[in-house]
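Engineer: Residue numbers (the working numbering), protein chains in the order written: chain A, 54 to 327; chain B, 12 to 902.
I have a structure here, written as structure tokens, and I will follow up with some questions on it.
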Amino acid sequence: MRLHGKSVLITGAARGLGRAAAVACAAEGADLTLLDICADLPGVPYPLGTVGQLEHTAALCRDAGAAVLTAAADIRDTRGMREAVTRAEDRFGRIDVAVNNAGIAAPSGKPVHEIEEDEWSLMIDVDLSGAWRLIREVGGAMSARRAGSIVNVASTAGLVGYRHFAGYVAAKHAVVGLTKAAALDFAPTKVRVNAVCPGSVRDDAWAEGRMLAEIARALEVPVHEHEKTFVEAQPMNALIEPEDVAAAIVFLASDESRQITGSVLTVDGGFSIR
Amino acid sequence: MSALLSDPLLHATHCHALRVRSGHSPDPAGRPGLWIEDVSVPARDPLAERRRAIELARPSRDPRRVLLRYADGLSDLIVVAPRGRWDRTALDRLAAGESVAPNDAPPATGTSPAAPAPAWGLGDDGPAAPHVVALDHAGDEESWLTALAVTLRRYDPDTQPVIGTDHGSFTVEPAATLGESKPSSAAGPTLTGLLFDAAALPGEGEGETEYRPCLAPPFPLTVSVLRDSGGLRLRCDHLSGHFSAEIAARFVRHLVHVHQQVLHRPQTPPDDVELLDEAERARTAALGRPPRALTTKPVSVPGALARIVAATPDRIAVTDGGTDLTYRELDERAARSAHGLRARGVGTGDRVGVCLERSAELVVTLLAVLKAGATYVPVDPAHPADRLAHTARDAGLGVVITRLPEFPAVADCVQVTPDELKDEPRGGWPAPAENTSPPTPSPDGAAYVIYTSGSTGRPKGVVVPHRNVIALVDATRDEYGLSEADVWTWFHSSAFDFSVWEIWGCLLTGGRLVVVPYFVSREPDHFRDLLVAEKVTVLSQTPSAFAQLLDVDHTDVSARLVVFGGEPLDTRMLLPWFDRHPERSCRVVNMFGITETTVHVTEQTLTRKLALAATRSVGRALPGWHLYVVDPAGRLLPPGVAGEICVGGAGVALGYLGQEELTGRRFVPDPFTGGTMYRSGDLGRLRPDGRLDHLGRIDSQVKIRGFRVELDEIRSVLLEDPDVRTAAVLVRRDGPAGAATARIDAYVTLSAGGNPAGVRERAAGILPEYMLPATVTALDALPLTANGKLDAAKLPAPAVLRPPRRDTAPAAPAADDLTVSLTEIWSDVLGVPVDPDDDFFELGGNSLFAVRIGAALRARGLPSLRLRELYRHPTVRETVASLRAGQDPSM
């Protein structure tokens, strides 16, 4: 087992990539702290994860043999995040791996000059600052222990532009930048920080993901048409499955990647090659 | 900032854990601070086991209680807390749901650093599962400290055992008896630690409890004596980089056996303690036995050869240049010469000297001596006259067969040429005592006497019977597929027992023996040409000789078997061979052997993989041979521990000729088989799989400035340098009493681009200062003896490593008197030419040399020089400037 006995914390764990990553880590022997906002956010035009979904992720992980701690936590809330991290450390003694997965895809779907002030701020607060907040909470203890791996889930939107997604693209580019800067800061203490950049991930029924659907809705195109566009844009002519991204996260979480830090691992079927 | 940041040492090593099993899930209500995990499988499911294992290994700064509730209604309560603040009793109370205040008394001492991995640990970074054994008697902390100290001293007599506990480190000085041994505080790196808490607990036996004294070993090898529902037990946790699981398990068995002696036989002196019990002794002895049994028939060498002659009379037996001898010709010529020997009064059991160049004639002559019922005593014509004379006198030779006109005259020893043997003796020979028809030699009679130059004293003759030679061939024939299809080289001097293997290994399996003349054996390209032209299939070599062959293009050599013997082999040198000759086309076997045990003892087939790992293994004993590793008192040592290699079985020689006292000391009763075993004087260790690591001669350990130094270890380090092809290391002293002048010199052959200064610099990064060679001299080839071994006497004087001049050094001014005097003194003391800007330490200087320089300065009426000044000013020029300054208050 590649993560035997490791304590892994994942944000946005109620569904989608977060759920897939949690189950994959559990299958590799990790114990899990699963966080999710478990509430809707004003300004985000689609429903977010729920308590029921988070508990379902936890149940899947327990079935795989993991000890699981769950908590509702909003990554915009510094105090709430700190409490969740402290609780995880009490339960599991330490956090070996933190996966910054929580994020939103919308409000989006409009040209850059039409974005409202609060729309911009919300996007940056969740997708960029949220990642930084978790790094701040876990980084000190990891540095003191001279061990730890932080995995930031960015996006191909962190590497290239997308029309009418300026806020999301800006935030995800910044997450890649944050990854590199944090990797340098932590390198002397052997704590690693890496980013995963998934391409278009299928809205899998099992994982209850809805990213693709929400992006399609923001662009006001039917989901199947949007899927087709991306299948054609990704040279391997297939959508990414949640398990594909989870596998990359497990690798970066494990000691197999012990000399890898500040790297950006794309899981996009070749989308960003050209 | 997390609270953990202030406590970065939240280590599993500091925590202990208790698991309490309940038949039904207790009501968690009213138990604040209890983490509850529902596990969806029964308690016995592997997944449930994994959950328990992880919880029992998870450290906590404050007490953590986790309740695992299984699908079958059972549950486990797991309590984890730091040992230093919540003791075993507190853990019980926490498990009972009580709240327990921590003991905030500071620990007695800080933690000691962990000792480095010991050689005997055979650490392999493999799985490190703990070993748990049941105990009959708890003893007390003192009895276990004593047992640990005695056991550790047996494993490593040179290191003071320092045993860590939660309340300080201890040692136990050897006392007259075990009972008088008392622990005392000690400092220093700890290899082992003891966690003793075997108090009987209230409520014991009421339910299932499991106590973990540590969640990870606080000391590289941590022994815990504990009591839980499993009873009184000893648990051993170890670091896998320090110890292999097998070694740790054996250590525990030995420790428990020693502890029983501490408890029950306190009057035993520590030196008399038995490390191994009867079963362990038998197990360890069995480890040195080969996996295959030997099938051999009692027959003499001529008797065995007669069957080959009868079976294949017309096959070529010996090729010597343009001359081929068939088996029939060999047999007939030998019979004729044997008759000549008998006619000259040589009788059964007589020793006959043979001093001839390697040739077909020499094979005929050796066989003739055996056919005459006599014992051959080979003497190398290249040996100096006094060695020839010593052998002739010591062996009591009545006849020497030689063509050497200058063979020294020895009383009662007649010289005869091989040609003369073909004819009837003319006058002057004693009448044959018996009839001259060839007798049948007894398999138990001596076949040959070969003189070995031990590290001490004059060469001594080793008497080897026929049956040993037969056993050697029978032990290897099937494994190596030796047959009449093989072509062997005869490379080595007949006075070197490797030739016994070459000659009789070939002829007794019906092969063709190709004589390698002396000058060819010393010219690798000629030798290669011979190997190719004769299509040699079985090549036997000393590693030194093989290294020279590797220097020429050996692609076309078609050997299917290469056998190494005679010297320690550095397997890394084989890589260029494997590049051209993969394992499937040529088997490469290293055989450790000793003249006293008939050429070979062990066999290790080498692979590219083993060569890359630079294995020191010489493998397992040959069928019929067996080995033990013993301590100086002759007791079996456990696997991993280095000691003297003893060899028993089919190869043990009859003894040293005419040296009963020495024979009695080295050829001793085999305690397991009732036969005789030979104490080799070689250092080795058995690995748990029965393979032997050969670690050099016991007497190659030398003391340099009080440090015990293993020259072979230095050599190994040099050989790890990718630029170094071969290496030799020796100690030089200016005089026999000059311990201070003892200095290590290294000689290397380098691959293109290597340089000696770079080699020394790299070694300096690995070896402690006292082991670092003072000089490294590059040679084109290492000089070899007639036997193909390193010839230390022929090594040139070491080259001085001159560091590049510092650019900042001022141009040398005209030397003044003080500079001249100091330069002379340095030169005298260091034994090398010295320049005023040479660095004292780079010239091989050390503190004892510094003292001698100080004495020389005083003798010349010059200002004295303190050691610390020399460290501050390590060149003559700087020293002069410092002496001139004069104001330095420390002067």
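For each residue, glycine too, the CB sits at the ideal point set by N, CA and C.
State the CB to CB distance for the pair B:Val526 and B:Ala371, rounded to an integer number of angstroms; the pair is presumed to be in contact (CB under 8 Å).
Structural biologist: On the second sequence, residue 526 of chain B is found 515 positions in, with the first residue counted as 1. On the second sequence, residue 371 of chain B is found 360 positions in, with the first residue counted as 1. At roughly 6 Å, the Cβ-Cβ gap stays under 8 Å, so B:Val526 and B:Ala371 are in contact.
Engineer: Just curious, the beta strand (DSSP E) that A:Ile90 is in, first and last residue?
Structural biologist: By one-based count along the first sequence, residue 90 of chain A stands at place 37. Run containing A:Ile90: none; DSSP gives neither H nor E here.
Engineer: Within the same chain, show all residues whose beta-carbon is closer than 7 Å to that of B:Pro587, passing over the 5 residues directly before and after it, in chain order.
Structural biologist: Counted from its first residue, the second sequence places residue 587 of chain B at position 576. Correct list, in chain order: Leu561.
Engineer: Grouping DSSP H, G and I as helix and E and B as strand, with all else coil, what is A:Cys250?
Structural biologist: Here residue 250 of chain A corresponds to residue number 197 of the first sequence, with the count starting at 1. Correct three-state label for A:Cys250: strand.
Engineer: Rounded to the nearest angstrom, how far is the Cβ of B:Ser154 from that of B:Leu274, given a contact under 8 Å?
Structural biologist: To locate residue 154 of chain B, count along the second sequence from 1; it is residue 143. To locate residue 274 of chain B, count along the second sequence from 1; it is residue 263. Indeed they touch by this definition, with Cβ atoms about 6 Å apart.
Engineer: B:Leu79 bridges to which residues according to DSSP?
Structural biologist: Numbered from 1 along the second sequence, position 68 holds the residue referred to as residue 79 of chain B. According to DSSP, which records beta bridges pairwise, B:Leu79 is partnered with B:Glu48 and B:Asp87.
Engineer: Report back the beta-carbon spacing between B:Ala506 and B:Gly799 to the nearest angstrom; my notes put them in contact at under 8 Å.
Structural biologist: Locating residue 506 of chain B in the second sequence gives position 495, where the first residue counts as 1. Locating residue 799 of chain B in the second sequence gives position 788, where the first residue counts as 1. Going by Cβ atoms, the distance from B:Ala506 to B:Gly799 rounds to 12 Å, so no, they are not a contact pair.
Engineer: So does the segment 424 to 435 of chain B actually touch the segment 326 to 340 of chain B, counting three or more Cβ pairs closer than 8 Å?
Structural biologist: The answer is no - the segment 326 to 340 of chain B does not touch the segment 424 to 435 of chain B, with fewer than three Cβ pairs under 8 Å.
Engineer: Would you identify the three-state DSSP class for A:Lys225, choosing helix, strand or coil?
Structural biologist: Numbered from its first residue, the first sequence carries residue 225 of chain A at position 172. Note: A:Lys225 maps to helix in three-state DSSP.
Engineer: Taking the beta strand (DSSP E) that B:Val547 belongs to, which residues open and close that run?
Structural biologist: What you label residue 547 of chain B is simply residue 536 of the second sequence in a count that begins at 1. Looking at the DSSP string, B:Val547 is not in any beta strand (DSSP E), and its letter there is neither H nor E.
Engineer: Among residues of its own chain, excluding the 5 on either side of B:Pro450, which ones have a beta-carbon nearer than 7 Å to its beta-carbon?
Structural biologist: Numbered from 1 along the second sequence, position 439 holds the residue referred to as residue 450 of chain B. Here the set comprises Thr359 and Gly384.
Engineer: What is the rounded straight-line gap between the Cα of B:Glu578 and the Cα of A:Leu305?
Structural biologist: Within the second sequence, residue 578 of chain B is the residue found at index 567, counting from 1. Within the first sequence, residue 305 of chain A is the residue found at index 252, counting from 1. Straight-line Cα distance between these residues: approximately 49 Å.
Engineer: So which residues of chain A does B:Arg69 contact, with C-beta pairs closer than 7 Å?
Structural biologist: As a first step, residue 69 of chain B is located in the second sequence; it is residue number 58 there, counting from the start. Simply Phe145 and Gly146.
Engineer: Identify which residue in B:Ala792, B:Phe230 and B:Ala290 has its Cα closest to the Cα of B:Glu534.
Structural biologist: Taking the second sequence and counting its residues from 1, the one referred to as residue 534 of chain B is at position 523. Looking at the Cα atoms, B:Ala792 is the closest of the given residues.
Engineer: Is any beta-carbon of chain A found at less than 9 Å from that of B:Pro19?
Structural biologist: One-based indexing of the second sequence puts residue 19 of chain B at position 8. Any reading at B:Pro19 is ruled out, since the residue's pLDDT is 38, under 50, leaving its predicted position unreliable.
Engineer: Looking only at its own chain, which residues have a Cβ that is under 6 Å from the Cβ of A:Arg72, when we skip the five neighbours before and after it?
Structural biologist: Reading the first sequence from its first residue, position 19 is the one you call residue 72 of chain A. These residues qualify, in order along the chain: Thr110 and Ala260.
Engineer: Counting pairs of Cβ atoms below 8 Å between the segment 229 to 242 of chain A and the segment 197 to 212 of chain A, do you hit three or more?
Structural biologist: Taking 8 Å as the limit for Cβ pairs, the verdict is that the segment 197 to 212 of chain A does touch the segment 229 to 242 of chain A.
Engineer: In chain order, which continuous runs of the alpha helix (DSSP H) of length 4 or greater are located wholly inside the segment 623 to 676 of chain B?
Structural biologist: Counting whole runs of 4 or more residues, the segment 623 to 676 of chain B contains no alpha helix (DSSP H) stretch at all.
Engineer: With DSSP as the reference, label B:Arg883 as helix, strand or coil.
Structural biologist: Taking the first residue of the second sequence as 1, we reach residue 883 of chain B at position 872. Three-state DSSP puts B:Arg883 in a helix.
Engineer: Taking Cβ positions, are A:Leu265 and A:Phe239 nearer each other than 9 Å?
Structural biologist: Working through the first sequence from its first residue, we reach residue 265 of chain A at position 212. Working through the first sequence from its first residue, we reach residue 239 of chain A at position 186. Going by C-beta atoms, A:Leu265 is not nearer than 9 Å to A:Phe239.
Engineer: If the cut is a Cβ gap below 7 Å, which residues of chain B does A:Gly201 touch?
Structural biologist: If you number the first sequence from 1, residue 201 of chain A lands on position 148. Here the premise fails: no neighbours, minimum Cβ distance about 12 Å.
Engineer: Kindly provide the ranges of any alpha helix (DSSP H) runs that are 4 or more residues long and lie completely inside the segment 755 to 785 of chain B, ordered along the chain.
Structural biologist: Whole alpha helix (DSSP H) segments, 4+ residues: 767 to 775.
Engineer: What residues from chain A crowd round B:Trp910, counting only those whose CB sits closer than 7 Å?
Structural biologist: There is no way to answer for residue 910 of chain B, as the model of chain B reaches only from 12 to 902.
Engineer: Shorter than 9 Å from the beta carbon of A:Arg311 to some beta carbon of chain B?
Structural biologist: Indexing the first sequence from 1 puts residue 311 of chain A at position 258. It does not: the Cβ of A:Arg311 has no partner Cβ on chain B nearer than 9 Å.
Engineer: On the DSSP bridge list, what partners appear for B:Phe181?
Structural biologist: Indexing the second sequence from 1 puts residue 181 of chain B at position 170. DSSP output for B:Phe181 lists B:Ile174 and B:Ser196 as bridge partner(s).
Engineer: What does a CB cutoff of less than 8 Å around B:Leu67 pick up in its chain, not counting 5 residues either side in sequence?
Structural biologist: Working through the second sequence from its first residue, we reach residue 67 of chain B at position 56. Around B:Leu67: Ala28, Arg30, Ile89, Val91, Glu221, Arg223 and Leu226.
Engineer: Hey, is B:Thr626 close to the ligand SAH, as in C-beta under 8 Å from one of its heavy atoms?
Structural biologist: The ligand content of the structure shown is nil, which means the ligand SAH is not present either.
Engineer: Tell me which residues of the segment 646 to 658 of chain B have at least one Cβ-Cβ distance to chain A shorter than 9 Å, keeping chain order.
Structural biologist: So the list is empty, because no residue satisfies the distance condition.
Engineer: Could you give the residue range of the beta strand (DSSP E) that holds B:Gly204?
Structural biologist: One-based indexing of the second sequence puts residue 204 of chain B at position 193. It spans Thr203 to Asp208 - the beta strand (DSSP E) in which B:Gly204 sits, taken as one unbroken run.
Engineer: Helix, strand or coil for B:Lys471? Go by DSSP, reduced to three states.
Structural biologist: By one-based count along the second sequence, residue 471 of chain B stands at place 460. Three-state result, B:Lys471: strand.
Engineer: Would you call the segment 308 to 325 of chain B and the segment 392 to 399 of chain B touching, i.e. three or more CB-CB distances under 8 Å?
Structural biologist: The answer is no - the segment 392 to 399 of chain B does not touch the segment 308 to 325 of chain B, with fewer than three Cβ pairs under 8 Å.
Engineer: How would you label A:Gly105, buried or exposed, when you count the other beta carbons within 10 angstroms and need 16 or more for buried?
Structural biologist: Locating residue 105 of chain A in the first sequence gives position 52, where the first residue counts as 1. A:Gly105 is exposed by the Cβ-count criterion.
Engineer: Tell me, which residues are paired with B:Thr334 by DSSP?
Structural biologist: For the purposes of this step, residue 334 of chain B is taken as residue 323 along the second sequence, with counting starting at 1. Paired residues: B:Asp331.
Engineer: Could you work out which residues of chain A lie near B:Ser51, taking near to mean beta carbons separated by less than 8 Å?
Structural biologist: Mapped onto the second sequence, residue 51 of chain B falls at position 40. Within chain A, the residues near B:Ser51 are Arg115 and Asp116.
Engineer: Considering only residues of the same chain and omitting the five flanking positions on each side of B:Ser838, which have a CB-CB separation below 7 Å?
Structural biologist: Here residue 838 of chain B is taken as the residue at index 827 of the second sequence, counted from 1. Cβ within range, chain order: Pro844 and Val845.
Engineer: Verify whether the separation of the beta carbon atoms of B:Ala296 and B:Leu585 is less than 9 Å.
Structural biologist: The residue labelled residue 296 of chain B in the question sits at position 285 within the second sequence. The residue labelled residue 585 of chain B in the question sits at position 574 within the second sequence. It is not a contact, given that the beta carbons lie outside the stated cut-off.
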